[in-house]
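Shown next, in structure tokens, is the structure this report addresses.
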Amino acid sequence: MSTRPEFPNLPAESEQTELNELLAENLAPIELSSGTRAALRAGLMERIARSVAEHAGLLTVRLKDGAWQTLRRGVRFKPLWTGPAGSSVLIEFAPGASLPAHRHNWMEEGIVLRGGLQMGSLDLGPLDYHVSPAGSRHESIRSRQGALAYLRGTSLGSKSSVLRELMGGWLPFAGPASATVFAGKKDDWVEVGEGVMKKELCSDGTLASRFYRLEPGAKVPGHSHLQDEECMMLEGEVFLGDILLRAGEYQLAPVGSRHGEVYSDVGATLFVRGARDD
């Protein structure tokens with residue numbers, strides 16, 4: 000008889016199989032009356048209609064959604080959403096690929112999702128966050144090992160805006176300083192609810208960018224959006240109302256929309272750009 004030492008309080012596999020067979024032999028379907036069946040169907044359809052109405056206007060981009068576009072040899076990007084202050088995209092680097100120096104039209108935020116990116120002496124790894132103010136200049140961006148990253152506030156997707164950034168990169172002055180928040184820094188997480196942690200990244204007078212971390216089983220109450228809210232799933236899975244978002248997936252909740260209860264059964268880390276708390 001096989002044993003299961005890693006779970007000593009559970010029956011052995013053969014015992015579990017025998018128990019399942021005994022249970023199955025004594026289970027019988029319950030016949031429902033036509034009235035009960037109709038009531039169950041009506042309740043289900045009402046629930047579906049309510050869910051569709053509650054989630055109207057939300058833009059969700061799945062891993063399989065969208066079309067990748069070649070930027071240059073070894074670099075491609077997938078548009079997610081374009082707003083008044085640039086676009087949100089996924090960008091992928093093949094090992095050894097690079098981008099030339101450029102000057103940012105808007106405040107640009109980047110998070111490495113996989114692999115690594117190098118900018119001069121700066122070496123960014125998974126879940127490292129980097130923000131560059133409008134007018135700042137980036138030296139060449141390279142990836143020794145290949146990388147997948149999320150960018151928000153980029154000019155990618157607009158040829159005229161990209162050209163303006165490249166021309167600005169020819170000017171030698173650096174402009175405003177960029178900032179980096181490394182994933183390994185653990186002392187700036189703040190508990191904001193049972194099993195819910197928050198890390199502030201950057202903010203202005205209206206909007207703020209944050210990381211949130213939910214432990215398995217953690218919940219956040221439903222809320223309305225006073226500003227457009229962008230959410231990029233970094234790790235794990237989370238339910239935003241009835242919508243399941245997995246790692247690498249993106250959602251935009253426009254101003255005036257509402258999220259139902261936020262819940263994670265397996266734990267999750269996500270990036271959120273939306274209205275400031277105060």
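In numbering that gives the first Met the number 0, the protein residues as written are 0 to 277.
Glycine included, each C-beta is placed from N, C-alpha and C at the ideal position.
Residues of its chain near residue i, where Cβ-Cβ distance is below 7 Å and the 5 sequence neighbours each way are ignored
i	result
G235	A246, S263, V265, G266, A267 and T268
L213	G194, V195, V237, S263, G266 and A267
T81	G156
V161	S154 and L155
G119	E138
A93	G73 and G145
P78	G65, S86, V88 and G156
Buried versus exposed, by CB contacts within 10 Å (16 or more), residue i
i	result
E87	Inspection of the sequence shows that residue 87 is occupied by Ser rather than by Glu. That one is buried.
I110	buried
F76	buried
K198	buried
V219	buried
G114	buried
A217	buried
G273	buried
R72	exposed
E107	buried
Expected contact under 8 Å - CB spacing of residue i and residue j to nearest Å
i	j	result
L239	H258	5 Å
S142	A96	6 Å
A148	L206	21 Å between Cβ atoms; not a contact.
S177	S131	4 Å
Contact under 8 Å by Cβ, residue i with residue j
i	j	result
R61	E248	yes
A146	L116	yes
G255	H222	no
Y128	V180	yes
P125	A182	yes
P253	D227	yes
L233	F172	no
Beta-carbon contacts of residue i that lie in its chain and below 8 Å, excluding the five residues immediately before and after
i	result
I242	H54, L57, T59 and Q250
L70	F76, I90, L98 and L155
Close beta carbons around residue i, own chain, < 6 Å, minus the five adjacent residues each side
i	result
W105	A84, G85, A133 and G152
P7	Caution is warranted here: a pLDDT of 49 is assigned to P7, below 50, making its placement in the model unreliable, and the coordinate value is therefore given only provisionally. Excluding sequence neighbours, P7 sits near nothing in its chain.
L150	V88, I90 and G109
P175	P132, G134 and S135
Below-8 Å beta-carbon distance, residue i vs any chain C residue
i	result
H224	Absent from the structure: chain C. Only one protein chain is present.
- [ ] Mind the definition here: the segment 161 to 181 touches the segment 96 to 103 only if three or more C-beta pairs lie below 8 Å; say whether that holds.
- [x] yes
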